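Numbering (the UniProt record's numbering), first residue to last: 1 to 94.
Here a beta-carbon is modelled for each residue, glycine too, at the ideal position from N, C-alpha and C.
Being a predicted model, the structure only gives us computed values, none of them experimental.
Here the structure is laid out as structure tokens; the discussion comes afterwards.
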Amino acid sequence: MSVALKGFSVACPKCGAKKRINVPESLFYQKKFGTVKIKVPQGAVCKDHNFIVFISTKGQIVGYDVIDTSVSSNKDANLSKDISKLSLDELIDS
1 MSVALKGFSV ACPKCGAKKR INVPESLFYQ KKFGTVKIKV PQGAVCKDHN
51 FIVFISTKGQ IVGYDVIDTS VSSNKDANLS KDISKLSLDE LIDS
């Protein structure tokens, strides 16, 4: 059984790069009101940015939002060795 897909032409809100993405139509049947929110990972539309696309339950793109930051399950993954050893008070003061 194949999944029915709906195609959308999305544009990166940071750089304007455009690409067509496919979304399962079932998302729109499951959502009774509001918007369907789709995270577009870095590299899916443009090489440098990730963002969120908001699509109405009727299948119209109603907006975009830039993701400011991401967190990792590895608490020290994005911190230098010096910063990871600082206390919260030291981080706030610096």
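Outcome for I67 when other beta-carbon atoms lying within 10 angstroms are tallied against a minimum of 16: On the sequence shown, position 67 is the one that residue 67 refers to. Exposed, because fewer than 16 other Cβ atoms sit within 10 Å of the Cβ of I67.
Would you check if there are 3 or more beta carbon pairs closer than 8 Å linking the region 39-53 to the region 24-31? Too few Cβ pairs lie closer than 8 Å, so no.
Quick one: which unbroken beta strand (DSSP E) runs of 3-plus residues sit fully inside the region 22-81? Chain order, please. 35-40, 51-56 and 61-66
What are the start and end residues of the beta strand (DSSP E) that includes G7? Within the sequence shown, numbered from 1, the residue matching residue 7 stands at position 7. Per DSSP, G7 belongs to the beta strand (DSSP E) from L5 to A11.
Taking the straight line between their C-alpha atoms, what separation do you get for F51 and C15? What you label residue 51 is simply residue 51 of the sequence shown in a count that begins at 1. What you label residue 15 is simply residue 15 of the sequence shown in a count that begins at 1. Rounded to whole angstroms, F51 to C15 spans 11 Å at the Cα level.
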